[in-house]
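Residue numbers (the working numbering): 148 to 639. Reviewing the structure listed below.
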């Protein structure tokens with residue numbers, strides 16, 4: 148049965164969503180039907196099709212009472228909009244249906260597990276959120292909330308766990324039929340931890356253990372966890388709040404963290420820590436296991452600290468990253484665009500061994516919906532001082548990708564990208580040249596730039612709001628460099 152609140156949201160998006168022209172959206176990145184989008188939720192395969200839910204406030208382009216929006220895709224590129232799946236309409240989720248995961252049940256139904264939020268006054272009279280875990284079960288279109296919700300409450304927390312910060316279950320089913328969920332929590336030392344729960348049926352859950360904890364080393368509360376095996380390693384993803392910067396690996400604020408290690412079924416043994424994405428806009432990644440065995444990741448391509456800087460009168464706000472294939476190489480989590488993007492490549496433009504000194508443009512290299520690979524190398528023994536790639540450029544606007552070989556740093560600069568606000572516009576990070584060469588794959592899609600370094604060793608994602616007419620791409624060197632450029636228009 149569809150509640151009054153859910154029907155209201157569905158009626159609103161059906162009335163106003165179709166009025167947004169396709170040209171006002173990205174060509175192939177997921178966006179909300181209308182209004183606000185943040186974290187990806189329930190990223191899962193159900194009956195052979197990928198379902199992506201998301202944190203959703205349809206009634207404005209600002210964060211508000213959280214619903215779950217709903218998209219599906221068969222190729223990770225073309226997205227079909229479905230009616231909103233969840234609305235805050237029960238006592239246990241009256242203040243919002245926060246993030247969560249999804250899994251297909253053996254009987255062919257789809258289970259959504261999400262955080263229900265209630266508000267209550269504390270002993271000092273201040274309103275605070277109380278967070279519990281809830282489930283809803285449906286057929287890929289309509290979902291009924293479990294009448295015995297919530298299925299996890301503060302009584303199911305380990306000693307000292309916080310009922311105020313207890314959220315974002317990511318659920319999966321093992322081959323033996325056991326369900327597991329990882330959930331973020333705040334610990335007595337006022338930092339974060341990832342809790343593991345298990346269930347025989349997806350409805351009755353028991354606490355198992357704490358998988359890993361922050362101990363105030365990497366930020367505070369750990370949100371939006373994910374936990375999965377990959378290439379003989381175990382990966383724990385989470386999104387810490389309120390981090391201090393650590394060199395050029397982690398920036399100040401909210402980050403996405405990858406903990407790589409081993410898991411023996413009992414304990415997770417952390418062995419390496421790295422950032423997931425090095426750009427300006429990336430948070431709350433979530434993964435699925437595709438039918439062909441690929442581990443696919445998607446994330447909210449936005450930054451909480453800059454979410455207030457948006458174009459005037461925009462009818463949607465928030466977009467997801469391009470889905471990415473994950474792999475482990477040389478002890479690092481790596482990522483590359485899903486291979487389905489290659490089927491959208493048209494009109495190849497190829498330039499080889501082009502000397503660059505000063506700023507040059509190349510015939511056929513321009514556009515705003517583009518897949519372009521640039522390989523940069525020195526000319527002989529002489530090393531250039533810096534190299535810049537300018538995209539989304541005209542006389543006023545410019546987004547710059549700059550490499551300094553003597554520092555091995557790559558910098559994303561969107562200062563002139565159409566956001567005239569005093570927010571963070573630059574991010575630098577260390578890269579590893581390969582034999583003196585640096586290879587960059589740059590994906591442009593109207594309102595974003597995603598850079599993949601050295602076939603996926605690192606990625607950097609940034610939102611831009613440059614007018615679409617600004618479509619020049621140029622190359623510039625301090626000194627002299629040689630470049631190869633392979634550029635495609637993307638037709639979706």
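All C-beta atoms in this analysis are idealised placements derived from N, C-alpha and C, irrespective of residue type, glycine included.
Please go through the segment 257 to 297 and give each complete beta strand (DSSP E) segment of 3 or more residues, from N-terminal end onward.
257 to 268, 274 to 285, 290 to 292
Mind checking who residue 384 pairs with in its DSSP beta bridge?
Locating residue 384 in the chain shown gives position 237, where the first residue counts as 1. Answer is 373, 405.
Pull the bridge partners of residue 557 from the DSSP assignment, please.
Your numbering for residue 557 matches position 410 in the chain shown. DSSP output for residue 557 lists 550, 576 as bridge partner(s).
List the whole-angstrom C-beta distance separating residue 432 from residue 423, where the pair is believed to meet the contact cut-off of C-beta under 8 Å.
Against the chain shown, residue 432 aligns to sequence position 285. Against the chain shown, residue 423 aligns to sequence position 276. Indeed they touch by this definition, with Cβ atoms about 6 Å apart.
Assess, as a yes-or-no matter, whether the segment 605 to 625 is touched by the segment 490 to 497 under the definition of 3 or more beta carbon pairs within less than 8 Å.
no
Report, in whole angstroms, the separation of the C-beta atoms of residue 327 and residue 343, which I expect to be a contact under 8 Å.
Translated into the one-based positions of the chain shown, residue 327 becomes position 180. Translated into the one-based positions of the chain shown, residue 343 becomes position 196. Yes, they are in contact, since the Cβ atoms of residue 327 and residue 343 sit about 7 Å apart, within 8 Å.
With distances taken Cα to Cα, identify the nearest neighbour of residue 640 among 632, 204, 217, 415.
Outside the displayed range of the chain (148 to 639) lies residue 640, so it cannot be described from this structure.
Less than 8 Å separating the beta-carbons of residue 226 and residue 298?
The residue you call residue 226 lines up with position 79 of the chain shown. The residue you call residue 298 lines up with position 151 of the chain shown. Against a cut-off of 8 Å, the Cβ pair of residue 298 and residue 226 comes out as no contact.
Does the structure place the segment 210 to 224 close enough to the segment 232 to 251 that three or more beta carbon pairs sit under 8 Å?
yes
Using beta-carbon positions only, say whether residue 240 and residue 263 come within less than 8 Å of one another.
The residue you call residue 240 lines up with position 93 of the chain shown. The residue you call residue 263 lines up with position 116 of the chain shown. Cβ atoms of residue 240 and residue 263: closer than 8 Å.
With a threshold of 6 Å on Cβ separation, who are the neighbours of residue 535 within its own chain once the five nearest residues in sequence on each side are excluded?
Against the chain shown, residue 535 aligns to sequence position 388. Only 547, 549, 623 meet the Cβ criterion.
With DSSP as the reference, identify every bridge partner of residue 314, one or two as the case may be.
Indexing the chain shown from 1 puts residue 314 at position 167. In the DSSP output, where bridge partners are listed per residue, residue 314 has 331.
Who are the Cβ neighbours of residue 492 in its own chain at under 7 Å, not counting the five residues just before and after it?
On the chain shown, residue 492 is found 345 positions in, with the first residue counted as 1. So the qualifying residues of the chain are 518, 635, 637.
Between 350, 334, 163, 154, which lies nearest to residue 249 when the distance is taken from Cα to Cα?
Counting from 1 along the chain shown, the entry for residue 249 is found at position 102. Of 350, 334, 163, 154, the residue nearest in Cα terms is 350.
Report, in whole angstroms, the separation of the C-beta atoms of residue 580 and residue 564, which I expect to be a contact under 8 Å.
Taking the first residue of the chain shown as position 1, residue 580 is located at position 433. Taking the first residue of the chain shown as position 1, residue 564 is located at position 417. About 26 Å; that fails the 8 Å criterion.
What is the DSSP secondary structure of residue 252, counted as helix, strand or coil?
Numbered from its first residue, the chain shown carries residue 252 at position 105. Here residue 252 sits in coil by DSSP.
For residue 470, is the classification buried or exposed, using 16 other Cβ atoms within 10 angstroms of its Cβ as the cut-off for buried?
Numbered from 1 along the chain shown, position 323 holds the residue referred to as residue 470. Classification of residue 470: buried, given that the 10 Å Cβ count is 16 or more.
So, using beta-carbon positions, are residue 455 and residue 387 closer together than 8 Å?
Your numbering for residue 455 matches position 308 in the chain shown. Your numbering for residue 387 matches position 240 in the chain shown. No, they are not a contact pair.
Which same chain residues end up closer than 7 Å to residue 336 when comparing Cβ atoms and leaving out the 5 residues on each side of it in sequence?
Taking the chain shown and counting its residues from 1, one reaches residue 336 at position 189. Within the same chain, residue 336 has close Cβ partners 362, 363.
Under a Cβ-count criterion, where at least 16 other Cβ atoms within 10 Å of its own Cβ denotes burial, should residue 187 be classed as buried or exposed?
For this step, residue 187 is matched to residue 40 along the chain shown. Per the 10 Å Cβ criterion, buried.
Label residue 157 either buried or exposed according to how many other C-beta atoms from any shown protein chain fall within 10 Å of its C-beta, with 16 as the threshold for buried.
Taking the chain shown and counting its residues from 1, the one referred to as residue 157 is at position 10. Buried, since its Cβ has 16 or more Cβ neighbours within 10 Å.
Leaving out five residues before and five after residue 330 in sequence, what residues of the same chain have Cβ atoms less than 6 Å from its Cβ?
Residue 330 sits at position 183 when you count from the first residue of the chain shown. These residues qualify, in order along the chain: 316, 342.
Which residue marks the beginning of the beta strand (DSSP E) containing residue 479, and which one marks its end?
For the purposes of this step, residue 479 is taken as the residue at position 332 of the chain shown. Boundaries of the beta strand (DSSP E) harbouring residue 479: 479 to 484, taken from the DSSP string.
In the DSSP assignment, the alpha helix (DSSP H) including residue 153 goes from what residue to what residue?
In the chain shown, residue 153 corresponds to position 6, counting from 1. Start and end: 151 to 163.
Is residue 599 closer than 8 Å to residue 395 when the C-beta atoms are compared?
The residue given as residue 395 occupies position 248 in the chain shown. The residue given as residue 599 occupies position 452 in the chain shown. At a Cβ-Cβ threshold of 8 Å, residue 395 and residue 599 do not count as neighbours.
Excluding the 5 residues flanking residue 207 on each side, which residues of the same chain have their C-beta closer than 7 Å to its C-beta?
For the purposes of this step, residue 207 is taken as the residue at position 60 of the chain shown. Closer than 7 Å at Cβ, skipping near neighbours: 182, 183.
Is DSSP giving residue 490 helix, strand or coil here?
For this step, residue 490 is matched to residue 343 along the chain shown. Correct three-state label for residue 490: helix.
So residue 351 is in the beta strand (DSSP E); what residue range does that whole segment cover?
The count along the chain shown starts at 1 and reaches residue 351 at position 204. Careful: residue 351 lies outside any beta strand (DSSP E) and carries neither H nor E.
Which stretch, first to last residue, makes up the beta strand (DSSP E) that contains residue 633?
Position 486 of the chain shown, counted from the first residue, corresponds to residue 633. Element bounds for residue 633: 619 to 637.
Just to confirm my understanding: we take residue 527, look at its own chain, exclude 5 residues before and 5 after, and list those with CB closer than 6 Å. What are they?
Along the chain shown, read from residue 1 onward, the residue named residue 527 stands at position 380. Excluding residues within five positions, none has a Cβ falling inside 6 Å.
Using 8 Å for Cβ pairs, my map puts residue 587 next to residue 500. What's the rounded Cβ distance?
Here residue 587 refers to the residue found at position 440 of the chain shown. Here residue 500 refers to the residue found at position 353 of the chain shown. Incorrect: roughly 17 Å between the Cβ atoms, too far for contact.
With residue 456 as the anchor, note down where its beta strand (DSSP E) starts and where it stops.
Position 309 of the chain shown, counting from 1, holds the residue named residue 456. Neither: residue 456 is in no beta strand (DSSP E) and is coded neither H nor E.
For my contact list, residue 604 and residue 479 are in at a C-beta cut-off of 8 Å; report their separation, rounded to the angstrom.
Numbered from 1 along the chain shown, position 457 holds the residue referred to as residue 604. Numbered from 1 along the chain shown, position 332 holds the residue referred to as residue 479. That pair is a contact at about 7 Å.
Helix, strand or coil for residue 528 per DSSP?
Within the chain shown, the letter at position 381 stands for residue 528. Residue state, collapsed to three classes: coil.
Please name the residue in 571, 290, 627 whose C-alpha comes closest to that of residue 551.
Start at 1 with the first residue of the chain shown, and residue 551 comes out as number 404. The option with the nearest alpha carbon to residue 551 is 627.
Buried or exposed: which applies to residue 405, given that a residue is buried once 16 or more other Cβ atoms fall within 10 Å of its Cβ?
Reading the chain shown from its first residue, position 258 is the one you call residue 405. It is buried - the Cβ of residue 405 has at least 16 other Cβ atoms within 10 Å.
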